[in-house]
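Structure, as structure tokens:
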Amino acid sequence: MKLIDGKKVANQIKEEITLEVERVKLDGGKIPHLAAIIVGHDGASETYVGHKEKACIQVGFDSTVLRFEDDIEEDTLLRKVDELNKNPEIDGFIVQLPLPDHISEQKIIEAIDPKKDVDGFHPINLGRMVIGLPAYISATPAGIMELIKRYKIETSGKDVVVIGRSNIVGKPMSILLGQKADPGNATVTMAHSRTKNLKELVSKADMVIAALGQAEFLTADMVKEGATVIDVGITRVKSDQTKSGWKLLGDVKYDEVAEKTEYITPVPGGVGPMTIVSLLQNTLKASKGEIYPKF
Ligand code: NAD
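When we follow the numbering used here, the leftmost residue of the sequence shown carries the number 355, and every step to the right adds one.
Structure, rendered in structure tokens:
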């Protein structure tokens, strides 16, 4: 079994980005600037935005967080999105989800200029990704592709099962692995809550991407000997073994599954750290005009 160390790879990439930002500074160029909109006081959202802000500072990016109370009206939020769209200082921005019920997430996502949509949630970016055009790819699938690339894990001709079909993880992941690309060229099955023969499908797969959000769902009896297992799930459960009283569990029963795999990601320290780094990479691309030419 070989561990896919997402924390280590994420730190390497952060160092690469830091060097690039230092070069830009020396040349008198523009420092990449990421902004985030956060609405309300959801604990998990605060934590995620805090991590993103910290990561920006680590690599030398400029970072702005716009905070709004959860009674903000949809029209006002749309105006704030438009201001960020038009602000030449901001290279890319994200709107932290979930949003309060009275605000349409889809409307807000579609109001973001695709050129600044570094989360890759806008239909234009998703559509461009599907047909293989340059696009911002949502952070978690992009991070997983980077891990597969850096660990040189062969995907061509392999059977992959992605468990989960969310717009931000399962669906883009399935498309990316099936693309005519490297990594890619896999035969992908996208399983979901209505899939009937999941155990049978998974037991034949060379690679399993578990993104369903059910703690320790994937057990050793389901997995083929020598498979690669990527665990996206994060579930917070109570624990008397930690100071905080909580611990994070993945979708994979790690201890028993790890023994059967060729490669596996741990939780924490696998996919999670890559997600934030992908957002930084997308912001860097935005500031360089790599996906869409600068206007
Ligand atoms: P989601 O709830 O939007 O989607 C879950 C998907 O799993 C659905 O498509 C559903 O059909 C499928 N599913 C549910 N139960 C199933 C079952 N028994 N069998 C087969 N399929 C089943 O979730 P999401 O936003 O894609 O996130 C999935 C998990 O990944 C969550 O635990 C989330 O916290 C985690 N996540 C982690 C990161 C990270 O950075 N590591 C990023 C995003 C999401």
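All residues carry an ideal CB built from backbone N, CA and C; glycine is no exception.
Since the structure is predicted, the reported quantities are computational estimates derived from the model, not experimental observations.
Residue i versus residue j - alpha carbon distance
i, j, result
"residue 569", "residue 380", "47 angstroms"
"residue 647", "residue 461", "25 angstroms"
"residue 360", "residue 422", "33 angstroms"
"residue 490", "residue 413", "20 angstroms"
"residue 524", "residue 437", "31 angstroms"
"residue 622", "residue 602", "7 angstroms"
"residue 582", "residue 567", "19 angstroms"
"residue 620", "residue 584", "8 angstroms"
"residue 609", "residue 356", "13 angstroms"
"residue 442", "residue 627", "29 angstroms"
"residue 469", "residue 444", "11 angstroms"
"residue 365", "residue 480", "27 angstroms"
"residue 507", "residue 529", "17 angstroms"
"residue 448", "residue 390", "5 angstroms"
Contact set for residue i: own chain, Cβ-Cβ below 7 angstroms, skip 5 residues either direction
i, result
"residue 505", "358, 617"
"residue 454", "393, 394, 424"
"residue 492", "473, 474, 475, 522, 526"
Residue i beta carbon near ligand 1 (any heavy atom closer than 8 angstroms)
i, result
"residue 593", "no"
"residue 635", "no"
"residue 571", "yes"
"residue 474", "no"
"residue 552", "yes"
"residue 496", "no"
"residue 522", "yes"
"residue 605", "yes"
"residue 546", "yes"
"residue 562", "no"
"residue 565", "yes"
Spatially closest choice to residue i from the options, by CA coordinates
i, options, result
"residue 407", "386, 520, 423", "386"
"residue 588", "565, 512, 597", "565"
"residue 625", "596, 434, 500", "500"
"residue 539", "509, 545, 519", "509"
"residue 516", "604, 562, 572", "562"
"residue 375", "643, 638, 645, 644", "638"
"residue 547", "571, 560, 558, 559", "571"
Residues of its chain near residue i, where Cβ-Cβ distance is below 6 angstroms and the 5 sequence neighbours each way are ignored
i, result
"residue 496", "632"
"residue 614", "574, 577, 579"
"residue 543", "515, 555"
Short Cβ contact (9 angstroms threshold) for residue i with residue j
i, j, result
"residue 388", "residue 446", "yes"
"residue 556", "residue 578", "yes"
"residue 371", "residue 635", "yes"
"residue 485", "residue 476", "no"
"residue 522", "residue 549", "no"
"residue 537", "residue 483", "no"
8 angstroms Cβ shell around residue i - same chain, five flanking residues per side excluded
i, result
"residue 541", "511, 512, 513, 514, 532"
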